[in-house]
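Report on the following structure.
Residue numbers (my numbering): 82 to 308.
Okay, here's the thing in structure tokens:
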């Protein structure tokens, strides 16, 4: 793992960014391919895009959670060092894409009225997209917190309850998903200015997403009970 990290550092910038995040870019490519395949079917444009997005995100989440399960503290440190370059950009872009997926849902729900046979698909796909996009946002923030905590300076910045000075990925998942559900921290103390700024942005993103989720829920309910 250390040898791989050294090789990544010696590569060109774009190559380093891609090689340090194989899951993200591979799943993104698979999602684009799935959207192109869906384009061959007689579906609405929003449905095609959401299908590709959902496939890519679902696969990414499965791979990331498997990676988290298999990771020890030293591998988290090595991964944090390898993924230092472009860390903020590759947090912001998928989050923007996840928020954009909500716009695509509104577009799909506002399209022509579905037939009796297509209505379940038209309602199930937005619901699945909401769930996957929500999970993606907070999983990405969890990875970001973990890699900020275990960066090259090993500066920490978060104090978890008890005598847990070396939290694993699941501790950061807990921290991130609590912010996602409540837009506030729980029993974890923040001592880093950089992480505090990230948490502020995370809370704003959570508020916007949850507000959009409420609007979509009302829209979906109206679609279920109409016609």
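C-beta atoms are modelled at their ideal positions from N, C-alpha and C, and glycine is treated no differently. All of these numbers come straight from a predicted model, not from anything done at the bench.
Residue 180 and residue 110 have their alpha carbons spaced roughly 19 angstroms apart. In the structure shown, residue 270 adopts extended strand secondary structure according to DSSP, grouped into three states. Bridge partners of residue 240 according to DSSP: 270. Counting the other Cβ atoms within 10 Å of the Cβ of residue 268 gives fewer than 16, which makes it exposed.
By the neighbour-count definition (other C-beta atoms within 10 Å, threshold 16), residue 96 is an exposed residue. Taking 8 angstroms as the cut-off, the beta carbon of residue 215 is found no closer than this to the beta carbon of residue 146. Pairing residue 156 with residue 255, the inter-Cα distance amounts to about 19 angstroms. In this structure, 280 is the residue among 280, 298, 241 and 212 with its C-alpha nearest to the C-alpha of residue 260. Proximity of the region 202-212 to the region 234-250 falls short of the contact definition, fewer than three beta-carbon pairs being nearer than 8 angstroms.
For the region 159-195, the continuous alpha helix (DSSP H) assignments of 4+ residues that do not extend past its boundaries occur at 170-190, in sequence order. Taking a contact as a CB-CB distance under 8 angstroms, the pair residue 151 and residue 101 does not count as one, their CB atoms being some 17 angstroms apart.
Judged by beta-carbon spacing, residue 278 lies beyond the 8 angstroms limit of residue 228, meaning their Cβ atoms are not closer than that value.
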